[in-house]
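Chemist:
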Amino acid sequence: KSTDIGETDQWQQSTNGTDGLYYRDIEITCIVLKEDTFKGTLINIAEIEQFKAVDENDEEIYITDRDNYNPPADNSTYQEDDDDYEPLKLRCFDLALRKFITAVNDEDVNTRIPVPKVDTDGKIKYEHDKTPVYVANSDIVTYTIRVYNEGTVLGYVMELSDDIPDGLEFMPEHPTNQEYKWIMIDQDGKETSDASKAVEIRTKYLENTLLNPYDPTKEISETNPDHAEVKVVFKVVEEKITQPDRIVINKAQITDDKAVDEDGNEIDVDDEDSVPDEWNEGEDDQDIEKIYVKKFDLALLKWVTQTIVTVDGKTTVTDTGFTPYDNPEPVAKVVIDKKKLNKTTVKFVYNIIITNEGEIPGYATEITDYIPEGLEFVQEDNPIWTKVGDNKITTRALEQTLLNPGESATLEVVFTWKKGANNLGLKTNIAEISEDYNDKGSKDIDSTPDNVKTEDYDKQQEDDDDKALVILELKTGGSASYMWLGLTVLIILAGGILLIKKYVL
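With our numbering applied, the sequence shown covers 40 to 544.
1. Classify tyrosine 101 as buried or exposed, calling it buried when 16 or more other Cβ atoms lie within 10 Å of its own Cβ.
2. Buried or exposed: where does lysine 549 fall if 16 or more other Cβ atoms within 10 Å of its Cβ makes it buried?
3. Roughly how many angstroms lie between the CA atoms of aspartate 505 and asparagine 443, to the nearest whole one?
4. With a threshold of 8 Å on Cβ separation, who are the neighbours of histidine 266 within its own chain once the five nearest residues in sequence on each side are excluded?
5. Helix, strand or coil for proline 204? Go by DSSP, reduced to three states.
6. Leaving out five residues on either side along the sequence, give the residues of the same chain with a beta carbon under 6 Å from the beta carbon of proline 211.
7. Just verifying my parser: in three-state terms, what is the DSSP assignment at proline 155?
8. Just tell me which of Leu441, Tyr173, Glu405 has its CA closest to the CA of aspartate 424.
9. Assuming glutamate 415 is part of the beta strand (DSSP E), what are its boundary residues?
10. Per DSSP, what kind of secondary structure is tyrosine 101 in: helix, strand or coil?
11. If you reduce the DSSP assignment to three classes, tell me which class asparagine 114 lands in.
12. From isoleucine 469 to threonine 362, what distance separates their C-alpha atoms?
13. For alanine 371, count neighbouring C-beta atoms within 10 Å of its own C-beta (all shown protein chains included) and say buried if the count is 16 or more, exposed if not.
14. Below 8 Å, can you find three or more Cβ-Cβ pairs linking the stretch 274–293 to the stretch 87–99?
15. With DSSP as the reference, label proline 126 as helix, strand or coil.
16. With 16 as the cutoff for other CB atoms within 10 Å, does glutamate 239 come out buried or exposed?
17. Where does tryptophan 523 sit, in a helix, a strand or coil, going by DSSP?
18. Take isoleucine 288 as the anchor and find which of Glu328, Pro264, Ser260 has the nearest alpha-carbon.
19. For the stretch 317–351, list the beta strand (DSSP E) runs that are entirely contained and at least 3 residues long, ordered along the chain.
20. Is threonine 141 near threonine 181, with beta carbons less than 8 Å apart?
21. Name the residue from Val374, Asn390, Asp365 whose alpha carbon lies nearest to the alpha carbon of threonine 355.
22. Report the three-state DSSP secondary structure of lysine 458 (helix, strand or coil).
23. With contact counted as at least three CB pairs below 8 Å, one residue from each stretch, are the stretch 391–399 and the stretch 327–343 in contact?
24. What are the boundary residues of the alpha helix (DSSP H) that glutamate 218 is part of?
25. Measuring CA to CA, which of Ala403, Thr346, Ala507, Asp497 is closest to glutamate 474?
26. Please go through the same chain and pick out, in chain order, the residues whose beta-carbon is closer than 6 Å to the beta-carbon of glycine 190, but skip the five residues on each side of it.
27. Out of Val157, Tyr165, Leu199, which has the shortest C-alpha to C-alpha gap to aspartate 254?
28. At which residues does the beta strand (DSSP E) containing asparagine 289 begin and terminate?
29. Tell me whether the stretch 436–454 and the stretch 294–308 touch, counting them as touching only if at least three CB pairs, one residue from each stretch, are closer than 8 Å.
30. Using C-beta distances below 7 Å, list every residue in its chain close to glycine 480, excluding the 5 sequence neighbours before and after it, in chain order.
31. For proline 315, collect the residues of the same chain with a Cβ closer than 7 Å to its Cβ; drop the 5 residues on either side in sequence, then sort them by chain order.
32. The beta strand (DSSP E) that contains asparagine 96, what's its start and end?
33. Can the beta-carbon of isoleucine 391 be found closer than 8 Å to that of valine 491?
34. Cβ atoms of leucine 193 and proline 252: under 8 Å apart, would you say?
35. Starting from the C-beta of threonine 281, find all residues in its chain whose C-beta is less than 6 Å away, skip the five residues before and the five after it, and write them out in chain order.
36. In three-state DSSP terms, what is tyrosine 496?
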C-alpha cells in the first residue's frame with residue numbers, strides 16, 4: 040500500500056531542536072487475520088517510495104537520496120534508512136491435556152509420563168505409552184491429569200472433568216479424591232453425593248493456578264511448556280465390566296478455561312484448536328487412558344491313568360496311556376473272567392489336573408468328586424479325600440497351593456468296583472472345582488464352582504469340571520463277550536453323547 044503525504048503537511052521538529060531534524064507522522068491500521076497467520080512473528084515494513092528535493096525557492100532539484108537506492112528485496116528487516124520495519128509477535132491461547140496412570144495400588148507406574156517434543160511444523164507432540172495397563176478386580180488405580188500451556192498467552196484451567204466408565208468406581212472418600220476436590224455428577228448433569236448415580240466427576244482445583252506462556256524460542260524443559268496437574272483414584276469393579284475385550288477406557292477433558300493478560304485481566308479469546316466441554320475427536324484438550332482387567336480362570340481335567348486287577352491274590356497294574364487332552368474321550372476297559380468273578384478285585388486310578396488358564400494367581404481350595412454308581416470309595420486308598428455324602432467326596436489338598444497363570448497341580452483318586460455279575464457296563468466319574476479363591480476377589484470368567492448336576496451333566500459341562508469313563512465286561516468260556524461294550528456304544532450314539540473333552544489346554 041502507498042499514500043501521498045502531501046506537499047503542505049506540517050513538518051515537526053524533533054524534540055532535540057539543535058539537531059536540525061524534522062519529521063512527519065502518518066498512521067496505518069492493520070487487522071490480524073488469524074486464519075492467515077501463524078505462531079511466530081509478523082514483520083511489517085514501510086519505505087519511502089517517492090520523494091522530491093527542492094532548493095530555498097521551493098524549486099525541485101533533481102538529485103537522489105545520498106544513502107538510499109534499492110528498496111527492500113523481501114520481508115527481511117531494515118536495509119537502508121528510508122525503510123524500517125516493526126515486528127508483531129502473534130499470541131495464541133492453547134491449553135493441552137494429557138491423562139496417564141501413575142500408580143496401581145501402592146506400586147508407582149513411571150513408564151507412561153508424557154514427554155513433550157516439537158515436531159517439524161513447530162507443534163508440540165507428546166510421547167507416552169497408550170497400551171492398556173493390566174489390572175485386576177479390586178485394584179486401586181491412580182490417574183494423573185496434566186494440562187500444558189502450549190500458547191503464548193497466560194491462562195487458567197477453570198474446570199476439568201473425568202468420566203466414570205463401566206468397570207471403574209469412583210471413591211469419594213479416598214484422600215486423593217478429596218485433596219483434589221472432585222465432585223460427582225449424575226446423568227442429569229446435577230451434583231450428587233451418591234457414587235452409584237455418578238456418571239462423571241469434575242474439579243476446579245486448578246482455577247487459581249496460573250500457567251505461563253510457552254516460549255518457542257527456548258528448548259523444551261520441565262517448565263516450558265508450563266503445566267499443572269491433578270490426580271484421581273478409581274477402583275476396578277469386575278462385575279460392572281460390559282466391554283467384551285475387558286479394556287476400560289477412561290476420558291478426561293478441560294471443561295472451562297480462561298486467558299488473561301500480564302495484569303491478570305481476562306482476555307476474550309478462545310482456545311485456538313479445542314472447544315472446552317465438548318468431546319471432539321482430534322482435539323488436544325482431552326485425552327484417554329486404558330486399563331485391561333485380568334481374568335481369573337481355573338480349569339479341571341480328569342482321566343484314568345491305571346487299572347489294577349487282582350485275581351486270586353495276583354495283581355496286574357495296567358497303565359492306560361491316556362492323557363487329559365485326549366479327544367475323543369477314551370474309555371478304560373477291564374474284562375473279568377466270569378468263573379473268577381468272586382475272586383477278582385478291580386480298582387481304577389484317576390488323575391485330576393487343575394490348571395490356571397487365567398491371568399490372576401489363585402487357589403483351587405476344594406475339589407469334589409462324585410462316586411460313580413457301581414464303584415465305591417475306600418478311605419485307605421484315598422488319604423487326602425473325605426467322604427461327605429453317599430456319592431460325594433472332597434479334598435482340600437490344594438488349599439495352600441498357589442497356582443500362578445499357566446501352572447498346574449495334579450491329584451489322584453482311586454475307586455473300587457463293587458463285585459457283581461449285574462454291576463457291569465459303563466461307569467462315569469465326574470469331578471469339579473467346588474471352591475476357589477484369589478486375593479483379588481475375582482470370579483472365574485467361564486465357570487461357577489460347585490454347580491455340577493450329575494444327572495444332566497453333558498448339557499451343562501463347564502471347564503472347571505470333567506468326566507472320565509471306564510467299562511467292565513465279562514469273559515465267558517475262552518472268548519470275551521463284548522455285549523456290554525456294544526450296548527454302551529449304541530446307547531451313546533443313540534443319545535448323541537459326544538465323548539469329547541470340552542477343555543483343551
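Quick reminder that beta carbons are idealized off the backbone N, C-alpha and C, glycines included.
Modeler: On the basis of the supplied data:
1. exposed
2. Beyond the ends of the chain as shown, which are 40 and 544, falls residue 549; an answer cannot be given.
3. 21 Å
4. Arg185, Val186, Tyr187, Asn188, Leu250
5. coil
6. Ala234
7. strand
8. It is tryptophan, not aspartate, that sits at residue 424 in the sequence shown. Answer by Cα proximity: Glu405.
9. 414–416
10. coil
11. Interpretation of asparagine 114 is limited by its pLDDT of 49, a score under 50 that renders its predicted location unreliable; the figure taken from the coordinates is listed afterwards. In the structure shown, asparagine 114 sits in coil (DSSP, three-state: anything other than H, G, I, E or B).
12. 16 Å
13. buried
14. no
15. strand
16. buried
17. Any reading at tryptophan 523 is ruled out, since the residue's pLDDT is 42, under 50, leaving its predicted position unreliable.
18. Glu328
19. 325–332, 337–350
20. yes
21. Val374
22. coil
23. yes
24. 214–218
25. Ala403
26. Cys131, Phe132, Asp133
27. Val157
28. 286–299
29. no
30. Asn176, Ser177
31. Ile293, Thr294, Asp295, Asp296, Asp324
32. Counting along the chain, asparagine 96 falls outside any beta strand (DSSP E), and DSSP gives it neither H nor E.
33. no
34. yes
35. Asp205
36. helix
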